[in-house]
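Per my numbering, the sequence shown starts with residue 2, numbered consecutively.
Beta carbons: idealized from backbone N, C-alpha and C, even for Gly.
Heads up, the thing below is written out as structure tokens.
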Amino acid sequence: MTIATFHELHHAQSPLLLPNAWDVGSALAFAAAGFPAVGTTSFGIAASAGLPDGGRSSRAFTTDLVAQLSQLSVHITADVEDGYSDDAAEAAAFVSRLAGLGVAGVNMEDSTGGFLVDPAAFAAKVAAVKRRSATIFLNARVDNMWFGEEATVEAVLLRARVYADAGADGIFVPGLVDPKEIAAIADGIRLPVNVLAHPSLTVAELGTLGVRRVSSGSLPYRAAVDAAVAVVNDLRDGGPVRSATPYWEMQRRLEAFEQDKHVDVLPQEYPMGNTVPESRRGVAPVIRKPGDR
Numbered sequence: 002m003t004i005a006t007f008h009e010l011h012h013a014q015s016p017l018l019l020p021n022a023w024d025v026g027s028a029l030a031f032a033a034a035g036f037p038a039v040g041t042t043s044f045g046i047a048a049s050a051g052l053p054d055g056g057r058s059s060r061a062f063t064t065d066l067v068a069q070l071s072q073l074s075v076h077i078t079a080d081v082e083d084g085y086s087d088d089a090a091e092a093a094a095f096v097s098r099l100a101g102l103g104v105a106g107v108n109m110e111d112s113t114g115g116f117l118v119d120p121a122a123f124a125a126k127v128a129a130v131k132r133r134s135a136t137i138f139l140n141a142r143v144d145n146m147w148f149g150e151e152a153t154v155e156a157v158l159l160r161a162r163v164y165a166d167a168g169a170d171g172i173f174v175p176g177l178v179d180p181k182e183i184a185a186i187a188d189g190i191r192l193p194v195n196v197l198a199h200p201s202l203t204v205a206e207l208g209t210l211g212v213r214r215v216s217s218g219s220l221p222y223r224a225a226v227d228a229a230v231a232v233v234n235d236l237r238d239g240g241p242v243r244s245a246t247p248y249w250e251m252q253r254r255l256e257a258f259e260q261d262k263h264v265d266v267l268p269q270e271y272p273m274g275n276t277v278p279e280s281r282r283g284v285a286p287v288i289r290k291p292g293d294r
């Protein structure tokens, strides 16, 4: 059986759908649902700690979370904001630390404090990260569309090509919504293009436009908060009790996770493609022990 690496998941027949977790419980649920890779969301992580997104607020929390998640049998990729430093060497050292924990990829953005940075400075970060952690999948986030700064296809492509030349493995363009612009950017970059979940286009439809990865971003976190409020509103207003994963199922996942927290972990071994075999869906995430080698 061919092992699908995180890099290979970006070149499968259909786009990689990447759910973004904000804590262990959400990551375990995504893994049990059959996703071969799980990302983190800086917004969800920061919000869970009572902090706004950005401003490098998620560094310690992200490090702690991925250290725990690295034992799972799915690929883990981390949202590391701008690398948490203006200094390329410091950003590379941080990513190297995550790689040492078993992280397969990182998402690093070319903005700081809500503003675009000099593309040459960000390219230096990309190059430094790849020199120190050559095998990690570096997804370079281009923030023109997200912050509405130089928000044109041409400006995005100029930056993306600089980052590709510096060694980036993928290009992430959040805020990209127009189908024609999506297709133009995907066609204009030789690397896999990543977008956020689209308000009207399906993952398959995004694939026809050339997209190779679709991230949920903070949507699951925000939807979970909305769902929690809806549940208690229904209870208050006398509505029907909504169904949810049973307490004992979630408890079982956490007990298995806690029991094997310190075991050695092998890379996940699913066939090429971006879905877990049907037989594994809904099953507690596999945590591989040394004896499994």
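Among the options, which residue has its Cα nearest to the Cα of residue i?
i: E150; options: G176, R253, A225, R243; result: G176
i: F31; options: R237, D188, S134, I77; result: I77
i: M109; options: A90, A128, D80; result: D80
i: A50; options: T63, V39, A38; result: T63
i: P180; options: I190, D166, T209, L158; result: T209
i: S58; options: D227, Y85, G239; result: Y85
i: D166; options: A90, E155, A152, L192; result: L192
i: M146; options: E182, K126, A129; result: E182
i: F116; options: A89, G56, V154, A129; result: G56
i: N21; options: A48, A231, A100, G40; result: G40
i: R60; options: A28, V107, A33; result: V107
i: A92; options: A129, H11, V118; result: A129
i: L99; options: V230, Y164, A68; result: A68
i: A245; options: G35, Y222, V232, A156; result: V232
i: V163; options: D111, R243, L236; result: D111
i: I190; options: A224, R237, E155; result: E155
i: S296; options: V178, R213, A185, Y222; result: The structure shown does not extend to residue 296, since the chain is modelled only from 2 through 294, so no value can be given for it.
i: A47; options: S217, A28, Y222; result: Y222
Sorted by chain position, which residues of the same chain lie with C-beta nearer than 7 Å to residue i's C-beta, five sequence neighbours on each side aside?
i: K131; result: L139, G168
i: A122; result: none
i: S71; result: I77, L102, G103, V104, V266
i: S382; result: Residue 382 falls outside the range modelled here, since the chain spans only 2 to 294, and no answer is possible.
i: Q269; result: Model confidence at Q269 stands at a pLDDT of 35, short of 50, so the residue's coordinates are unreliable; what they give is reported in the following sentence. P37, S74, V75, H76.
i: S280; result: Low per-residue confidence applies at S280: pLDDT is 39, beneath 50, and the placement is therefore not dependable, though the value from the model is reported in the following sentence. Nothing listed; no residue qualifies.
i: L52; result: S58
i: H11; result: L17, G171, P193, R213, R214
i: V118; result: D111, S112
i: A184; result: L210, G211
i: H263; result: Reliability fails at H263, whose pLDDT of 43 lies under 50, so the model's placement of it is uncertain and no value is given.
i: I186; result: V154, V157, L158, V174, L177, V194
Under DSSP, the beta strand (DSSP E) around residue i begins and ends at which residues?
i: T78; result: 76-80
i: L197; result: 194-197
i: L18; result: 17-19
Sorted by chain position, which residues of the same chain lie with C-beta nearer than 6 Å to residue i's C-beta, five sequence neighbours on each side aside?
i: F44; result: D54, S219
i: D87; result: none
i: P278; result: Note that P278 has pLDDT 41, beneath the 50 cutoff, so the model's placement of it is unreliable and the number below is only indicative. Answer for P278: no residue qualifies.
i: R160; result: P120, V143
i: M251; result: none
i: L158; result: G189
i: V315; result: There is simply no residue 315 to check, as the chain begins at 2 and stops at 294 in what is shown.
i: A152; result: N145, M146
i: S217; result: P20, N21, A198
i: R243; result: V232
Check for me: the alpha helix (DSSP H) holding residue i runs from which residue to which?
i: T63; result: 60-70
i: A47; result: 43-49
i: L52; result: Unbroken run through L52: none, as it is neither H nor E.
i: G299; result: Nothing can be reported for residue 299: it is not among the residues displayed for the chain, which extend from 2 to 294.
i: P180; result: 180-189
i: H8; result: 7-10
Using C-beta distances below 8 Å, list every residue in its chain close to residue i, excluding the 5 sequence neighbours before and after it, in chain order.
i: V215; result: P16, L17, L18, L19, N195, V196, L197, A198, H199, V204, L207
i: H8; result: F138, D170
i: A94; result: R133
i: Y248; result: none
i: G240; result: N234
i: A90; result: A129
i: V127; result: M109, L139, A141, Y164, A167, G168, A169
i: T136; result: A100
i: L236; result: V242
Please check the pair residue i and residue j, which I expect to be a contact at CB under 8 Å, by giving their CB distance rounded to whole angstroms.
i: L73; j: D24; result: So it is not a contact: roughly 13 Å between Cβ atoms.
i: G171; j: D188; result: That pair is no contact at about 15 Å.
i: T42; j: D83; result: Incorrect: roughly 15 Å between the Cβ atoms, too far for contact.
i: F173; j: A141; result: 7 Å
Check your understanding: Can you list, in chain order, the stretches of the alpha helix (DSSP H) that have 4 or more residues and sit fully within the region 199-252?
Key -> Runs of the alpha helix (DSSP H) inside the region 199-252: 204-209, 220-238.
Review point. Which parts of the region 92-172 are runs of the beta strand (DSSP E), unbroken and 3 residues or longer, counting only runs that do not cross its ends?
Key: List check, beta strand (DSSP E) in window: 106-110, 138-142.
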